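**Student:** Attaching a single structure in structure tokens format; questions to follow.
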């Protein structure tokens, strides 16, 4: 169809510019020398401005309107139909925001990021407070511009998790919060079994860590012909096409999990991007359907695979051989427990599987109160600290270990945190559904270093579709149900009851 | 002046896009995995298309016309005046070429490059011949579109060396060709002194090469806070701003000069870019004024510094200490001669200082004949081989070692080769002028590892000006004369008479 082709060409052009922007972002975080920062900001501003202009141009809307007419008679399940729907979504998301608001947000968040970093280093929320107030105000305007039926937070959430509502998130947390809090309580109060991560803090030569990590991510299915792994202070995954997906990691000599599980986490994101169907190349359907579904893949490969007993049954001998001085006195079961040690802590990115969702819950509650105007920014640290006490039983000693720890808000990323928990929940739902439908137990394959059955199922059921299906439709299509917290809670309870002998 | 500011903003925007394009090119040649190639081509096409469109838009010309009026009353030596002149030059260079020709050239050269690579690997010019014919035809159209008074080659040369004419190049080669041929003849026929590069072909651990190379380029003045060095198959220097200049090198275990002199060569280019005045940031005056002047810097640092006796008087002990097994039996003087061994050879990029210009002369003669229509592409290999016999006394055994060796023509780069020789000649002219005006002998400083006097003079007299002065004006301004081959010939004769005891 000529109308589809015309829209596709335009969107491919815009995609190429967005991919170029991603290349500049990757270089900025991996190799760029200090001096390059100022010019890079100008380059990124120029490119993202051009991408935004092309996307929101009236010519784009005309092409979309024409394509919408043309696909009207097509099967709603066709690629063409989905392509036009996603192009419309991208156009609307961009076009609804007035250029003045986009520019203001960009300039405020650039400065806010610096002030956040300074405030964090001084552990002084007051320095960041006026900037967060500005950001909350601007993000509220974003919500108004995007529009919502019930609650302003719906509009923000929808940017990251299409179709998800605030009420869904509340229900999600209500359904897991009490049981997780109960599980944490049992673990903390369990006197019999001592589980610590001290063995992971011994000496691990970083070059050997790199060797082992590259071996593992390759075994999981990361294709070094279609991607690479580099070092970054804050690890991430980025994609310049489904044949060029870059992951990054961070080596710490005295903290083995940083690189090891970090690499597996980013590999999960990468496998999703690498697994998108070839026919979506240069198409807006390329990429993942939402942050939550993306995170479900990073969590699945990091936790369900990487922190499983079966995985280490296969790999622990290799790891011991590589680090005899640090691991020869530690047997497989002890090592397995050490990588799954649970401990209520103050810092989200260091949290274990069990407590993690309590951290995102706290952020979600505060974000929602801020956006709905029931909480003032100046009072947020006190609320933060009280919520840590309520959910995790510990109180941050200062703002650096409390409300200033995350980068997200300084960049305007409000509405993002729940996607981490959506990812956790979905990771188990997919995994269990895959085992059910294939009639297998993946642990039996993983303990032989075989990840192909799992990866193939995920590719066929999730990865290949890219952005074709909205998250809710994808979950329904694959599992026959809506997002379900039961498998997740069962997984946590079973795994940690065994580890802690509850 | 408001008219200048408006033009400056537009040119800064275009510069940012061109810099972004350079980042993508750098990644393509350093880190990009194999799978990334197709998408990268699309991204580069999108960005360079946008850059070209913005530059050639009528809005740009309007801004230039306004700015030209506004600077009419200013000192022609002012930055503003130069800025408008260079903006006009860039605009004219781009706008004179019809978009259809630019696109045809881009698509033909993309394919031609592949066919050239295949033809070279098969050593079969016939495979590349039809593509070179197409390219010659298109490049002739480029010359017509740009325009010229005397000869079509003038238009091509001017793209790389503004203001230089074909007749100047002919005169240049006439002035050095016979004397160099004579010097080569004397060296080849000298029976007494045997000079070989065999010691450079021993084992040199590449990681140690990297350490030594980084130490040296840092000592020469390369600032790792404002740039980096990475590995590339074909080393190059590229700049994303005058505070982010990237050089690349190539390590060969059994060929020490590849990385060592390659790094110093690219450092010369980098010092030029890094030395441009801060006030030209985001200005079209940033960067080097021509390829020839740029090459004069890479040659100066590679040859006049890096292949000098004084340099190794300072560094040879360090090098020996790093590679005792390969160098302990070789004294400084022998090592110095080995890095300056002269031997007529078939491959330009491996040529020594003395024979190098004969290689570019051969290419210039063939290019000119092709462009002026006196030579048909099919007959070019025979002419190539005959010229090698005439100038270097050796005949290529096949096309791979002959006419297929260089990448330039497959990319449409006709008119480029003379700039290498311009660089060689100017490198000595600057160096001698610097010594004269400062009343010093740099060798006395270099033998103590002190490069600051030389670098400072070059920065003040050449680098800081960026593109402000056209090459001819710059030479005149700095040396008080036109480009002069005498110092260059004297340098070669003196240096190599001593090495070969002529």
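Residue numbers (this note's numbering), protein chains in the order written: chain S, 1 to 502; chain P, 503 to 1004.
Even glycine gets a Cβ: it sits at the ideal position worked out from N, Cα and C.
The structure displayed is predicted, hence computed values, not measured ones.
Just to confirm, is the Cβ distance from residue 770 of chain P to residue 803 of chain P under 9 Å?
**Tutor:** In this structure, residue 803 of chain P lies closer than 9 Å to residue 770 of chain P by Cβ.
**Student:** Which complete alpha helix (DSSP H) runs does the stretch 39 to 70 of chain S hold, if anything under 4 residues is left out?
**Tutor:** Here no run is fully enclosed.
**Student:** Tell me which residues share the same chain as residue 369 of chain S and place their Cβ nearer than 6 Å to its Cβ, disregarding the 5 neighbours each side in the sequence.
**Tutor:** 375.
**Student:** Any beta-carbon of chain S closer than 9 Å to the one on residue 911 of chain P?
**Tutor:** Chain S, which has no Cβ nearer than 9 Å to the Cβ of residue 911 of chain P, makes this no.
**Student:** If you run the structure through DSSP and keep just helix, strand and coil, what is residue 230 of chain S?
**Tutor:** The answer is strand: DSSP assigns residue 230 of chain S an E or B state.
**Student:** Just checking: is the beta-carbon of residue 45 of chain S within a distance shorter than 9 Å of some beta-carbon in chain P?
**Tutor:** Closer than 9 Å: yes.
**Student:** Please name the residues in the stretch 11 to 22 of chain S whose beta-carbon is closer than 7 Å to at least one beta-carbon of chain P, in chain order.
**Tutor:** Within the stretch 11 to 22 of chain S, the qualifying residues are 13, 16, 17, 19 and 20.
**Student:** Determine, using beta carbons only, whether residue 806 of chain P comes closer than 9 Å to chain S.
**Tutor:** No, no contact with chain S.
**Student:** So, is the C-beta of residue 271 of chain S closer than 9 Å to a C-beta in chain P?
**Tutor:** No, residue 271 of chain S does not count as interfacial toward chain P.
**Student:** Where does residue 635 of chain P fall in DSSP's three states?
**Tutor:** Reduced to three states, the DSSP call for residue 635 of chain P is helix.
**Student:** Among S/107, S/78, S/364 and S/291, whose alpha-carbon lies nearest the alpha-carbon of residue 472 of chain S?
**Tutor:** Ranking S/107, S/78, S/364 and S/291 by Cα distance to residue 472 of chain S puts S/291 first.
**Student:** I'd like the span of the beta strand (DSSP E) that includes residue 245 of chain S, first residue to last.
**Tutor:** Taken as a continuous stretch (DSSP letters only), the beta strand (DSSP E) holding residue 245 of chain S covers 245 to 249.
**Student:** Using only alpha-carbon positions, find the residue among S/46, S/16 and S/35 that is nearest to residue 548 of chain P.
**Tutor:** Of S/46, S/16 and S/35, the residue nearest in Cα terms is S/16.
**Student:** Taking only beta-carbon atoms, is residue 484 of chain S less than 9 Å away from chain P?
**Tutor:** Residue 484 of chain S does not count as touching chain P.
**Student:** Relative to the alpha-carbon of residue 814 of chain P, which residue among P/862, P/837, P/968 and P/800 has its alpha-carbon at the smallest distance?
**Tutor:** Among P/862, P/837, P/968 and P/800, the Cα nearest to that of residue 814 of chain P belongs to P/837.
**Student:** So, helix, strand or coil for residue 15 of chain S, using DSSP?
**Tutor:** Residue 15 of chain S falls in the helix class under three-state DSSP.
**Student:** Check distances from the C-beta atoms of the stretch 530 to 543 of chain P to those of chain S and list, in chain order, the residues that come in under 9 Å.
**Tutor:** Flagged, chain order: 532, 533, 534, 535, 536, 537, 538, 539, 540, 541 and 542.
**Student:** Just the chain P side, please: which residues come within less than 7 Å of residue 241 of chain S by C-beta, in chain order?
**Tutor:** By Cβ distance, chain P contributes 538 and 541.
**Student:** So, for residue 891 of chain P: in the same chain, excluding its five sequence neighbours on each side, which residues have a beta-carbon less than 7 Å away from its beta-carbon?
**Tutor:** So the qualifying residues of the chain are 897.
**Student:** Starting from the Cα of residue 316 of chain S, find the closest Cα among S/330, S/303 and S/304 and give me that residue.
**Tutor:** Nearest option by C-alpha distance: S/330.
**Student:** Taking residue 188 of chain S and residue 344 of chain S to be in contact with their CB atoms under 8 Å, please state how far apart those CB atoms are, rounded to whole angstroms.
**Tutor:** Indeed, because the Cβ distance is near 7 Å, the residues count as touching under 8 Å.
**Student:** In three-state DSSP terms, what is residue 741 of chain P?
**Tutor:** Correct three-state label for residue 741 of chain P: strand.
**Student:** Determine which residues of the stretch 722 to 756 of chain P have a Cβ less than 9 Å from any Cβ of chain S, and write them out in chain order.
**Tutor:** If the cut-off is 9 Å between Cβ atoms, the stretch 722 to 756 of chain P has 725, 726, 727, 728, 729, 730, 732, 742, 743, 744, 745, 746, 747 and 748 near chain S.
**Student:** What's the call for residue 283 of chain S, buried or exposed, on a 16-neighbour Cβ count within 10 Å?
**Tutor:** Residue 283 of chain S is buried by the Cβ-count criterion.
**Student:** Quick one, which residues of the stretch 776 to 797 of chain P are near chain S if we go by CB-CB under 7 Å, in chain order?
**Tutor:** Within the stretch 776 to 797 of chain P, the qualifying residues are 784.
**Student:** Indicate the three-state DSSP secondary structure (helix, strand or coil) for residue 977 of chain P in the structure shown.
**Tutor:** Residue 977 of chain P: helix per DSSP, three-state reduction.
**Student:** Can you confirm whether the stretch 235 to 247 of chain S touches the stretch 342 to 361 of chain S when touching is taken to mean that 3 or more C-beta pairs between the two stretches lie within less than 8 Å?
**Tutor:** The stretch 342 to 361 of chain S vs the stretch 235 to 247 of chain S: no contact.
**Student:** So, do the stretch 504 to 511 of chain P and the stretch 196 to 216 of chain S have three or more beta carbon pairs nearer to each other than 8 Å?
**Tutor:** The stretch 504 to 511 of chain P, when compared against the stretch 196 to 216 of chain S, does not touch it at the 8 Å Cβ threshold.
**Student:** Hey, residue 987 of chain P and residue 927 of chain P are a contact pair by Cβ (cut 8 Å); roughly how many whole angstroms apart?
**Tutor:** Indeed, because the Cβ distance is near 5 Å, the residues count as touching under 8 Å.
**Student:** Which runs of the alpha helix (DSSP H), 4 residues or longer, sit entirely within the stretch 168 to 232 of chain S?
**Tutor:** Counting only runs of 4 or more, we get 206 to 220.
**Student:** Are the beta-carbon atoms belonging to residue 225 of chain S and residue 925 of chain P less than 9 Å from one another?
**Tutor:** No, these two residues do not count as a Cβ contact at 9 Å.
**Student:** Determine the extent of the alpha helix (DSSP H) in which residue 932 of chain P is found, giving its start and end residues.
**Tutor:** Taken as a continuous stretch (DSSP letters only), the alpha helix (DSSP H) holding residue 932 of chain P covers 920 to 940.
**Student:** Given a limit of 7 Å on CB to CB distance, which residues of the stretch 43 to 71 of chain S reach chain P?
**Tutor:** So the close ones are 43, 46, 47 and 50.
**Student:** Flag residue 509 of chain P as yes if its beta-carbon sits less than 9 Å from any beta-carbon of chain B, otherwise no.
**Tutor:** Going by chain labels, chain B is absent from the structure shown, which instead holds the protein chains S and P.
**Student:** Go to residue 505 of chain S, then tell me how far its alpha helix (DSSP H) extends in each direction, as first and last residue.
**Tutor:** Beyond the ends of chain S as shown, which are 1 and 502, falls residue 505 of chain S; an answer cannot be given.
**Student:** Starting from the C-beta of residue 659 of chain P, find all residues in its chain whose C-beta is less than 8 Å away, skip the five residues before and the five after it, and write them out in chain order.
**Tutor:** Correct list, in chain order: 666, 667, 668, 671, 917 and 920.
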